[in-house]
Amino acid sequence: MIKLKHLTAKRGDFSLGPIDLELEEGSYLSILGPSGSGKTLFLETCMGLLEPRSGSIFLNDKDVTEFTPEKRQISYLPQDLALFPHLDVRANILFGGKQRKLDDKLSQTRLSDLIDLLDLHSIIDRHDVNTLSGGEKQRVALARALLPGPSLLFLDEPFSALDANIKRQLQVKLREINQQLGVTILHVTHDQEEAFMLGERIAVMIDGCLRQIGSPDEIYYRPESLEVARFLRNQNIYEMTLTKIDHDGFLHLENDIKLKAPAFQGVQVGDQIAAVIRAEEVVIIRPNKPIGPELQDNLFHCVLEDILAFGGTHTLTVCIANSSVTINIELPNCAMRDFGFKIGDELQISLRQRSLWSIKMDTNKESTDVAV
Amino acid sequence: MLRRDSVFKLTMLLPLALLAGYFLILVSSQTAFFSLDDFITQLGQQDIRSAIFLSLIAATASTTIAVILAIPAAYALARINFPGKRLLDTFIDLPMVLTPIALGTLILMSWNTAIGRLLSDLGLTLPFTLAGVILAQFTVIVAISVRMLKASFEQVDLRQEQVARLLGCSAFGSFLQITLPLARRGILAAIILTWARAIGEFGATVMVAGTARGQTATLPSSIYLAMSMADLPKAVTLVVILIVISLLVLFGLRMITETKA
Numbered sequence: 133m134i135k136l137k138h139l140t141a142k143r144g145d146f147s148l149g150p151i152d153l154e155l156e157e158g159s160y161l162s163i164l165g166p167s168g169s170g171k172t173l174f175l176e177t178c179m180g181l182l183e184p185r186s187g188s189i190f191l192n193d194k195d196v197t198e199f200t201p202e203k204r205q206i207s208y209l210p211q212d213l214a215l216f217p218h219l220d221v222r223a224n225i226l227f228g229g230k231q232r233k234l235d236d237k238l239s240q241t242r243l244s245d246l247i248d249l250l251d252l253h254s255i256i257d258r259h260d261v262n263t264l265s266g267g268e269k270q271r272v273a274l275a276r277a278l279l280p281g282p283s284l285l286f287l288d289e290p291f292s293a294l295d296a297n298i299k300r301q302l303q304v305k306l307r308e309i310n311q312q313l314g315v316t317i318l319h320v321t322h323d324q325e326e327a328f329m330l331g332e333r334i335a336v337m338i339d340g341c342l343r344q345i346g347s348p349d350e351i352y353y354r355p356e357s358l359e360v361a362r363f364l365r366n367q368n369i370y371e372m373t374l375t376k377i378d379h380d381g382f383l384h385l386e387n388d389i390k391l392k393a394p395a396f397q398g399v400q401v402g403d404q405i406a407a408v409i410r411a412e413e414v415v416i417i418r419p420n421k422p423i424g425p426e427l428q429d430n431l432f433h434c435v436l437e438d439i440l441a442f443g444g445t446h447t448l449t450v451c452i453a454n455s456s457v458t459i460n461i462e463l464p465n466c467a468m469r470d471f472g473f474k475i476g477d478e479l480q481i482s483l484r485q486r487s488l489w490s491i492k493m494d495t496n497k498e499s500t501d502v503a504v
Numbered sequence: 005m006l007r008r009d010s011v012f013k014l015t016m017l018l019p020l021a022l023l024a025g026y027f028l029i030l031v032s033s034q035t036a037f038f039s040l041d042d043f044i045t046q047l048g049q050q051d052i053r054s055a056i057f058l059s060l061i062a063a064t065a066s067t068t069i070a071v072i073l074a075i076p077a078a079y080a081l082a083r084i085n086f087p088g089k090r091l092l093d094t095f096i097d098l099p100m101v102l103t104p105i106a107l108g109t110l111i112l113m114s115w116n117t118a119i120g121r122l123l124s125d126l127g128l129t130l131p132f133t134l135a136g137v138i139l140a141q142f143t144v145i146v147a148i149s150v151r152m153l154k155a156s157f158e159q160v161d162l163r164q165e166q167v168a169r170l171l172g173c174s175a176f177g178s179f180l181q182i183t184l185p186l187a188r189r190g191i192l193a194a195i196i197l198t199w200a201r202a203i204g205e206f207g208a209t210v211m212v213a214g215t216a217r218g219q220t221a222t223l224p225s226s227i228y229l230a231m232s233m234a235d236l237p238k239a240v241t242l243v244v245i246l247i248v249i250s251l252l253v254l255f256g257l258r259m260i261t262e263t264k265a
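As they're listed, the protein sequences go chains L and G.
Per this note's numbering, the very first residue in the first sequence carries number 133; after that it's consecutive.
Per this note's numbering, the very first residue in the second sequence carries number 5; after that it's consecutive.
What follows is the structure in C-alpha cells.
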C-alpha cells in the first residue's frame, strides 16, 4: 500500500527521519509521539505538502515522491479539520468528488452512505459550517475525506479538541470505517489510549524518528529503548548491573535490590540493564495465602508511602524494605477497597519474571540500543 | 478604582474628541464658501465634468492593473518561500514611503532609459496623456495593494488550501476555489482603498502627466489649478465632490469589513 524508503525531511532546525515504513492495505497504523516529535511533518512529507530531502515514497508500488499532493490519492483529516467556511455542509462533503470528477450518481450514492454511516441526517442541509458543534464538524470533515473513496486516509490528531464521550463515539466509527470500507488508515496522535485502542500496529515517533514499530502489546510491554519506555509512562524503570546469567536462562540483576529476569541475547556479565515493569503488572501478595511458583522470585517486603486516586484506579507508591528503591503499583478501585490500604501499611509484592522486561543500556550514549 | 477608570477613559477619549472636532472644522469650513446654486452651475462646466470623468476612468484603470498584478505578487509573498524574499518584500514597499513627487520624477527619468525610449517609440508617451496619469497612479497605489492583499492571504488558513489539494485540486484550483473566496473581503477592501488612494493622487500625476485641462487634469490637480487662480467656487465644488467620494468609500469599506464572513 504505502512504503517509505529512508525518508528524510527538514523544516527550520527540525529534522525528520530517516524513516523506513511499510503499511499493508486495509491496515490501521497509529503513530504515537509526544508534541513536537515531527508527526505532522511526517504526514506532510508523505502527502507531498513538504518536499523530502532524501528517500522515496511508494504508493501501490508506484514511486510518488515527485507527485503533487492531488495526484497521490490520499485523503487527509487535519487536527483543525479545515472545513471550507464559504461552502455549506453538503458542498463541503461533495468537494472532493467534484475535484476528482466522480460521476454525479456515484457521488450522491456515496454521500447517502456517508450520511447513514456518520449520522449526518440532521446537519446535511445546514448552510453555515461555523454553526456546527465540534463533533458535528468532525463528522463532516471525515465524510469529506471519505467521499472520494480514498484507499489511504491520513488522520492528524483528529479528536484532540473533543470531549471524551464524542471522542469515543468517533473512535468506534473510525474502526468501523477501517474494517467495513477497507480504508488503510495512518493516524498520528499523542494520545496513548487512542493509539492503543485503534491501531493494529503502533509506531512510536520521538525526535523525528520512528523508535519502535510493533503490535500494541509489544509496544506496551516490551519497549525497545528507555526513551520509548519513558514516553509510554512506564513508572517502574530500574537501572541495574548484570551479575550472572543462569544456565536455565535468567539474568541476575543487582542494584540496591536483586532481580531475576528473563534473559535475552547479546548481553554479558557486567552490562548495564534497565529492568522495566508496568505498574499494573506488580502483584500484591495477599497475607496468609500460599504463594504460587511464578511469584516465588523477586518477592519484596515494602512499606506503603503514598496513594493517589485516578478515577477508576489508584496508584500506590511503595518503598522496598532496607533500600531506597520505590515501586509504583496500579490497582483498580475494587481491589483497593478489598485491601483497604493506608499509608504506612506493610505489604509483600512480587515482580513476576514474565512481567519484567529488560533493555540493554548503551553506556556510550544517553539513549539505549534495542533489546529483543 | 472606578474613578481611576474614568480618568483613564477621559485621557483616551479627549484626544479622540479633539481629532473629531478638528475634522469637523475642516469639513464644515467649506460651508462658508459653498452655495448650492454655485455647485450646480460649476457641475455644468466642461472642465469639471472632464476632471470627474478622467479621475474615475484613470483611478479605475490604475486600480484594475494594480490589483491584477498585486494578487499573484501578494500571494507569492504570503505563501511561497524563495531566496531574497525578505529583501524583495521590503523593496516592494518603496513607493509607499517615497513622496509621490519623487516617484513622479523617477517615472519621468525611467522614460529616458532604453526601455522607456522603446515604449515611447511604440507610442506610449507620458506627458499630457491618460497613460501618464494611469502610470503615475499605478506606481503610487500598487505597493498599498500588495501590502493589503498579502495580509488578506495570510489570514486564509493554509491547511484549508492543503486539504483542497489532497481532495484533488490543482494548485490553481485551490487558489481559485479556496484562497480567493476566503480572502474576498480583504480583496474587496484592498480594491476600494487603492481606488480611493488613486482618485486622490496628485503629486506623481502632476509630475508625470501635467495638469492640462480636459486632458490630464484630475480632480486633485483641478483643485490645485482652481486655487492657484483664486477660483473658490470651482475649488469648493471639486473638494465637495472628493469628500462625497471619500465618505462613500469609507462607508463601503466599513460595510464590507463588518459583514459576517
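Virtual Cβ for every residue (Gly too), placed ideally from N, Cα, C.
For residue i, which residues from the same chain have a beta carbon less than 8 angstroms from its beta carbon, with the 5 sequence-adjacent residues on both sides left out?
| i | result |
| --- | --- |
| Phe473(L) | Leu436, Ile439, Leu448, Leu479 |
| Leu173(L) | Ala141, Arg143, Phe146, Leu148, Leu182, Gly340 |
| Leu98(G) | Ala147 |
| Ser33(G) | none |
If you run the structure through DSSP and keep just helix, strand and coil, what is residue i?
| i | result |
| --- | --- |
| Trp115(G) | coil |
| Met493(L) | coil |
| Ser186(L) | strand |
| Asn430(L) | coil |
| Ser207(L) | strand |
| Pro166(L) | coil |
| Phe382(L) | strand |
| Phe37(G) | coil |
| Lys474(L) | coil |
| Glu437(L) | strand |
By Cβ distance, which residues of its chain are closer than 7 angstroms to residue i, with the 5 residues on each side in sequence left out?
| i | result |
| --- | --- |
| Leu463(L) | Thr445, His446, Leu448 |
| Leu226(L) | Ser239, Leu243, Leu279 |
| Ser455(L) | Asp388, Ile389 |
Does the CB of residue i have a neighbour CB from chain G at under 8 angstroms?
| i | result |
| --- | --- |
| Arg271(L) | no |
| Ala223(L) | no |
| Arg185(L) | no |
| Arg258(L) | no |
| Met179(L) | yes |
| Gly168(L) | no |
| Arg232(L) | yes |
| Gly228(L) | yes |
| Pro280(L) | yes |
Mind checking which residues open and close the beta strand (DSSP E) that includes residue i?
| i | result |
| --- | --- |
| Ser147(L) | 146-155 |
| Gln404(L) | 404-409 |
| Gly537(L) | Any property of residue 537(L) remains undetermined from this structure, which presents chain L solely from 133 to 504. |
| Leu139(L) | 134-143 |
| Thr458(L) | 458-464 |
| Gln311(L) | Not the beta strand (DSSP E): Gln311(L) falls in the alpha helix (DSSP H), residues 296-312. |
| Thr177(L) | Where Thr177(L) is concerned, there is no enclosing beta strand (DSSP E), although the alpha helix (DSSP H) it sits in stretches over 171-179. |
| Val160(G) | Here Val160(G) belongs to no beta strand (DSSP E), and DSSP marks it neither H nor E. |
| Asn224(L) | Premise fails: Asn224(L) lies in the alpha helix (DSSP H), 221-231, not in any beta strand (DSSP E). |
| Arg418(L) | Element bounds for Arg418(L): n/a, residue is neither H nor E. |
| Glu325(L) | Not the beta strand (DSSP E): Glu325(L) falls in the alpha helix (DSSP H), residues 324-330. |
Can you name, in chain order, every residue of its own chain whose Cβ lies under 6 angstroms from the Cβ of residue i, other than the five neighbours on each side?
| i | result |
| --- | --- |
| Gly187(L) | Lys137, His138, Leu139, Thr140 |
| Leu342(L) | Ile151, Ala335 |
| Val210(G) | Ser225 |
Give a yes or no on whether the minimum CB-CB distance between residue i and chain L is below 8 angstroms.
| i | result |
| --- | --- |
| Pro185(G) | yes |
| Leu308(G) | Nothing in the structure corresponds to residue 308(G), since chain G is present only between 5 and 265. |
| Asp161(G) | yes |
| Ile75(G) | no |
Could you pull the start and end residues of the alpha helix (DSSP H) that residue i belongs to?
| i | result |
| --- | --- |
| Ser226(G) | 223-232 |
| Asp93(G) | 89-95 |
| Gln4(G) | Here chain G has residues from 5 to 265 only, and residue 4(G) is not among them. |
| Lys237(L) | 236-249 |
| Pro99(G) | 98-101 |
| Ile191(G) | 188-203 |
| Ile260(G) | 236-262 |
| Pro76(G) | 50-83 |
Anything in the stretch 164-191 of chain G with a Cβ closer than 9 angstroms to a Cβ of chain L? List those residues in chain order, please.
-> Cβ contacts with chain L come from Gln164, Glu165, Gln166, Val167, Ala168, Arg169, Leu170, Leu171, Gly172, Cys173, Ser174, Ala175, Gly177, Ser178, Gln181, Ile182, Pro185, Leu186, Arg188.
Using a beta-carbon distance cut-off of less than 7 angstroms, what residues from the stretch 199-226 of chain L approach chain G?
-> Pro201, Glu202, Ile206, Ser207, Tyr208, Pro210, Asp212, Ala214, Phe216, Pro217, His218
Which of the residues in the stretch 332-344 of chain L, read from start to end, lie with their CB under 8 angstroms from any CB of chain G?
-> none
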